[in-house]
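Numbering (the numbering used here), first residue to last: 1337 to 1613.
From the three backbone atoms N, C-alpha and C, an ideal C-beta is built for every residue, glycine too.
To start, the structure under review is shown below, and the notes come after it.
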């Protein structure tokens, strides 16, 4: 039921057909009696800076979820950001403070890390490969570093992007061995696909899966389907896997707290969700 008291959470990105958040938040809001709704809002890159400012002129806006391709550019559009945003170089949650300023935070990495830890992966001292240094890849790398990994290798087709992330990680976590420049998955404890590869039918795999060890844990961020071609291939190699939506469910409690809404467990959110692919 949407009425004159309903608060809006804008889910901003492009394209919107891959969005899963409305199918998770909205059933939970209905269950919990929260008069709020997550609304997908398709916005191309050229229009985004002006749109982000204008959407927060709405009097019933509670906040915004930011997704591809806007997570990196958002950082420069805000009045204040959390330390996690500074390290990640990206932002996926924005709210308006009482004085009108816009504050941004980043929860992608926290959601991913909480998910793999709940599945039993020990991150202390782990060797990690993160393929993709866009907004989500940067966030995951930052949160993994904060969880005490021992070494991380970063790869992106945009070499400068991976190297810039590497420099930020070295500055914030000098004890971690940070390298860049290759995506060979052999010998890692955790391998993460943080690229959009897998969103379209026939996309190439992000790395050579024949080089994966069976003991390696493999994580995915793509949510177009639950088991992407990459995860299916990794599972066939004997690897434990984490699907893209797990990262989403695990980060939503933190989002709810950020927006000042009643929070919930990832398990409750999953039980109520009405996901479709």
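How would you call residue i, buried or exposed, if buried means at least 16 neighbouring beta carbons within 10 angstroms?
i, result
"residue 1415", "exposed"
"residue 1360", "buried"
"residue 1589", "buried"
"residue 1533", "buried"
"residue 1492", "buried"
"residue 1398", "buried"
"residue 1311", "Any question about residue 1311 goes unanswered here, given that the chain covers just 1337 to 1613."
"residue 1453", "exposed"
"residue 1420", "buried"
"residue 1521", "buried"
My assumption, with CB atoms under 8 Å, is that residue i sits in contact with residue j. Please give the rounded CB distance.
i, j, result
"residue 1476", "residue 1448", "5 Å"
"residue 1467", "residue 1530", "6 Å"
"residue 1600", "residue 1384", "Incorrect: roughly 30 Å between the Cβ atoms, too far for contact."
"residue 1401", "residue 1374", "7 Å"
"residue 1343", "residue 1371", "7 Å"
"residue 1555", "residue 1571", "So it is not a contact: roughly 12 Å between Cβ atoms."
Check for me: the alpha helix (DSSP H) holding residue i runs from which residue to which?
i, result
"residue 1586", "1580 to 1594"
"residue 1387", "1384 to 1391"
"residue 1365", "1358 to 1368"
"residue 1407", "1407 to 1410"
"residue 1545", "Taken as a continuous stretch (DSSP letters only), residue 1545 belongs to no alpha helix (DSSP H), as it is neither H nor E."
"residue 1277", "Past the boundaries of the shown model lies residue 1277; the chain is included only from 1337 to 1613, so the question cannot be answered."
Name the DSSP beta bridge partners of residue i, please?
i, result
"residue 1348", "1377, 1402"
"residue 1439", "1416, 1431"
Examine chain C for any beta-carbon lying closer than 8 Å to the beta-carbon of residue i, and answer yes or no.
i, result
"residue 1409", "Reference to chain C is not applicable here, since this structure consists of a single protein chain."
For the beta strand (DSSP E) containing residue i, name the first residue and the last one.
i, result
"residue 1556", "1553 to 1556"
"residue 1529", "1526 to 1529"
"residue 1465", "1463 to 1467"
"residue 1502", "That residue, residue 1502, is in no beta strand (DSSP E); its alpha helix (DSSP H) goes 1495 to 1508."
"residue 1569", "That residue, residue 1569, is in no beta strand (DSSP E); its alpha helix (DSSP H) goes 1565 to 1572."
"residue 1487", "1487 to 1491"
For this session: Decide if the stretch 1430 to 1448 is in contact with the stretch 1494 to 1507; the criterion is three or more beta carbon pairs, one per stretch, under 8 Å apart.
Result: no
For this session: Indicate whether the contact test is met: 3 or more Cβ pairs, each with one atom in the stretch 1552 to 1569 and one in the stretch 1591 to 1599, closer than 8 Å.
Result: no
Exercise. Between the stretch 1407 to 1424 and the stretch 1538 to 1546, are three or more C-beta pairs nearer than 8 Å?
Worked result: no
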